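Below you'll find the structure, written out as structure tokens, and then a few comments.
Residue numbers (full-length UniProt numbering): 1 to 216.
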């Protein structure tokens, strides 16, 4: 790629790192609020979602400015549009963290997570944070190998998601439909957060190598 195009792309990549850090922190705080029924912390996450939206618009503006000024072709254009796709996935991760926080707000002062599910959601929170941390590192260090590993790392979240439904659909489930619906929605938020993290990993590979990875 041309040097001037590469310099502009580096500015976009820097914005993506900022976004990745923000969505990681958003889910960290949302999970803490969920597990402790912390109204103040949950409200902070929902308020902060607007900041992530602003970061997304910054990337959007920079990518289209880059395209307008440099008129990239072939590989350059694919890389520029991939940066925009990565930002869209990160923005969606921020939305999902806000959904977790809103679940806490809806049920407050009652915990949104049943005690029988708290351990599973604590594990899902840890997996989400690990995936988000790897995205930050892959983007910041231009590490395509680390990004590629996100595909297999997501398996742990999928297993936790299946365990969640196994517990809620068991004949021994004692808490009725409402608690199960809450659990199902929250589980979906974490599972989708992880899926978008995997998508970002694929985008990082394109940004670093210029090549589209094969999806498993």
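Glycine included, each C-beta is placed from N, C-alpha and C at the ideal position.
Since we're looking at a predicted model, the values are computed, not measured.
Range covered by the alpha helix (DSSP H) that runs through residue i
i           : result
residue 134 : 118-141
residue 219 : Outside the shown range of the chain, which is 1 to 216, sits residue 219, and nothing can be said about it.
residue 161 : 144-168
DSSP three-state assignment for residue i, whether helix, strand or coil
i           : result
residue 75  : helix
residue 37  : coil
residue 110 : coil
residue 172 : coil
residue 82  : helix
residue 115 : helix
residue 46  : helix
residue 18  : helix
residue 212 : coil
Whole-Å CB distance - residue i paired with residue j, under 8 Å assumed
i           : j           : result
residue 147 : residue 201 : 4 Å
residue 45  : residue 26  : 6 Å
residue 59  : residue 87  : 4 Å
residue 104 : residue 34  : 5 Å
residue 154 : residue 194 : 5 Å
residue 173 : residue 167 : 7 Å
residue 139 : residue 17  : 5 Å
residue 24  : residue 198 : At roughly 15 Å, the Cβ-Cβ gap does not stay under 8 Å, so residue 24 and residue 198 are not in contact.
residue 196 : residue 92  : 5 Å
Rounded separation between residue i and residue j - CA only
i           : j           : result
residue 36  : residue 54  : 29 Å
residue 90  : residue 101 : 17 Å
residue 159 : residue 75  : 37 Å
residue 132 : residue 68  : 31 Å
residue 211 : residue 94  : 27 Å
residue 31  : residue 126 : 9 Å
residue 79  : residue 42  : 36 Å
residue 134 : residue 29  : 18 Å
residue 73  : residue 128 : 36 Å
residue 52  : residue 96  : 12 Å
residue 213 : residue 205 : 7 Å
residue 66  : residue 98  : 31 Å
residue 22  : residue 107 : 25 Å
residue 6   : residue 208 : 11 Å
residue 49  : residue 141 : 26 Å
residue 61  : residue 11  : 12 Å
residue 179 : residue 143 : 41 Å
residue 117 : residue 149 : 28 Å
CB contact check: residue i to chain C, cutoff 8 Å
i           : result
residue 149 : The structure shown contains no chain C; it is built from a single protein chain.
Three or more C-beta pairs below 8 Å linking the region 78-86 and the region 103-121: no
Contact the region 151-170 vs the region 183-191: 3+ CB pairs below 8 Å: yes
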